[in-house]
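Residue numbers (our numbering): 82 to 379. Below: the structure, in structure tokens.
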Amino acid sequence: MAVLMSYHRLIEKDSQHVSYCWKMSILIVLVVAVASSLIISFSLYSLWESFSLNCFVGANLSFVISSDESNYLQGAAQSAQNEQNQYQTLQENQTEERYIIHEYSSKWSNPDFCEYLTYTPLFHALLGVIWMALFVTHGHGGEGVGSIIARPWRIVIPSLVFFVICGISAIVCASLTTSGLNEFCQQFNKIISTGESECARMISYFSMDHANDLVLPDKNYYLVAAFPWIWVSSYIFGAVILVLRIVLVVDFKLIRIVVSTVERDMESTQSEQHQNVQVLNEGTQFSTEATSSVRLGD
Numbered sequence: 082m083a084v085l086m087s088y089h090r091l092i093e094k095d096s097q098h099v100s101y102c103w104k105m106s107i108l109i110v111l112v113v114a115v116a117s118s119l120i121i122s123f124s125l126y127s128l129w130e131s132f133s134l135n136c137f138v139g140a141n142l143s144f145v146i147s148s149d150e151s152n153y154l155q156g157a158a159q160s161a162q163n164e165q166n167q168y169q170t171l172q173e174n175q176t177e178e179r180y181i182i183h184e185y186s187s188k189w190s191n192p193d194f195c196e197y198l199t200y201t202p203l204f205h206a207l208l209g210v211i212w213m214a215l216f217v218t219h220g221h222g223g224e225g226v227g228s229i230i231a232r233p234w235r236i237v238i239p240s241l242v243f244f245v246i247c248g249i250s251a252i253v254c255a256s257l258t259t260s261g262l263n264e265f266c267q268q269f270n271k272i273i274s275t276g277e278s279e280c281a282r283m284i285s286y287f288s289m290d291h292a293n294d295l296v297l298p299d300k301n302y303y304l305v306a307a308f309p310w311i312w313v314s315s316y317i318f319g320a321v322i323l324v325l326r327i328v329l330v331v332d333f334k335l336i337r338i339v340v341s342t343v344e345r346d347m348e349s350t351q352s353e354q355h356q357n358v359q360v361l362n363e364g365t366q367f368s369t370e371a372t373s374s375v376r377l378g379d
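Pasting the structure below:
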């Protein structure tokens, strides 16, 4: 037997040999990304409303001393207990002077900047829901029953591109949100020395309008401070999972194809030739006897 050529070929695995974990892990990552982006968007907008829709991210605040106790918290509709706790916070760290944010002399950031930070996560959430629907309609991998759309592996490369682009966008948005929030918190050092743990209470204390907030400003601050990086991490994990799926060739298997000739044994060939000659001789002898019989009959 002579080998003419040999090569390898990738073919789809049977769907029974592809783990469901690859599909479920991406769906979990997308759920986390969508939930995080929604939390960021609504929490940031609530904080924005707390300062009368003045873009507070990266703002340069101007404080004035208020002698009128009724105007100390402009537009605040907090409970008596919250007001007492907030007042005690300043009393422990500062003199009896009462400060308020001067809305008109403060240098607020461009509203477009806050709109970008607020609506970018919301747009990501919409894209995440669409991509979740695509993953649900595709199977978990391989060839077989369980996929509405044939060849489910075709969604892997577009998904990797989706996670990379959204990850870069999320990193930019999260970095701007975090840096702007830190810069905003540093403004309170003008009147009182605060740490990062005090910034949430200062935001709640100096909020201009939070009468309609379902979540208090300090809680919104913690959400905006934490969830942008959970949002970013979800895209990074999703991209890593898809890269591993490509590198490990999860949806395919490698087979070797060999093209060769078939050679018969010499002995079997000679035996077949001998049998053919014997059959030929017997046929010739039978023909001669048949001819003689015909002549005798005549």
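Quick reminder that beta carbons are idealized off the backbone N, C-alpha and C, glycines included. None of the values given here were measured: they were computed from a predicted structure.
- Taking all protein chains shown into account, T218 has fewer than 16 neighbouring C-beta atoms within 10 Å of its C-beta and is therefore exposed.
- In this structure, S122 sits near L203, with a CB-CB distance shorter than 7 Å.
- In the three-state reduction of the DSSP assignment, G139 falls in the strand class, which pools E and B.
- The beta carbon of F137 lies closer than 6 Å to those of F265 in the same chain, with the five residues before and after it left out.
- Between the region 277–288 and the region 233–243, the count of Cβ pairs shorter than 8 Å is below three; the stretches do not touch.
- Counting along the chain, the unbroken alpha helix (DSSP H) around K104 starts and ends at C102 to S131.
- The DSSP-derived three-state label of I182 is strand.
- By alpha-carbon distance to Y286, the top candidate from I181, V99, I120 and A116 is I181.
- Judged by DSSP secondary structure, S190 falls within the beta strand (DSSP E) whose first and last residues are K188 to S190.
- Separation of N191 and R232 (C-alpha to C-alpha, rounded to the nearest whole angstrom) is 48 Å.
- Judged by DSSP secondary structure, I146 falls within the beta strand (DSSP E) whose first and last residues are F144 to I146.
- Residues L198 of the same chain have their beta carbon placed closer than 7 Å to that of L257, with the five preceding and five following residues left out of the count.
- Excluding the 5 residues flanking it on each side, L142 has same chain C-beta neighbours closer than 7 Å at I182, S187 and Q268, in chain order.
- With a contact defined as Cβ atoms closer than 8 Å, W189 and N270 miss out at about 18 Å.
- K334 and K94 have their alpha carbons spaced roughly 6 Å apart.
- Just so you know, the alpha carbons of E130 and V237 end up roughly 40 Å apart.
- Uninterrupted alpha helix (DSSP H) stretches at least 4 residues long and entirely within the region 247–323 occur at 277–287, given in chain order.
- Taking 7 Å as the cut-off, the beta carbon of I311 is found closer than this to the beta carbon of S117.
- Straight through space, the alpha carbons of W234 and P309 are spaced by roughly 30 Å.
- Here the alpha carbons of V305 and I322 stand approximately 27 Å from one another.
- Around the beta carbon of S260, fewer than 16 other beta carbons sit within 10 angstroms, so the residue counts as exposed.
- Proximity to I249 across M213, L125, A307 and A320 peaks at A320, based on C-alpha coordinates.
- Rounded to the nearest whole angstrom, the C-alpha separation of L85 and V339 is 8 Å.
- Looking at the DSSP output, S87 shares a beta bridge with V339.
- Taking 3 residues as the shortest admissible run, the region 192–225 contains no complete beta strand (DSSP E) segment at all.
- Of S100, L262, L215 and I146, the smallest CA-CA separation from L128 is found for L262.
- When secondary structure is reduced to three states using DSSP, V99 falls in the coil class, being assigned neither helix nor strand.
- Separation of V253 and T201 (C-alpha to C-alpha, rounded to the nearest whole angstrom) is 10 Å.
- Going by C-alpha positions, G220 is about 42 Å away from A83.
- Collapsing the DSSP output to three states places L325 in a helix.
- In the three-state DSSP reduction, R232 falls in the coil class, being neither helix nor strand.
- A Cβ-Cβ distance of about 5 Å is found for the pair G209 and A114, placing them in contact under the 8 Å criterion.
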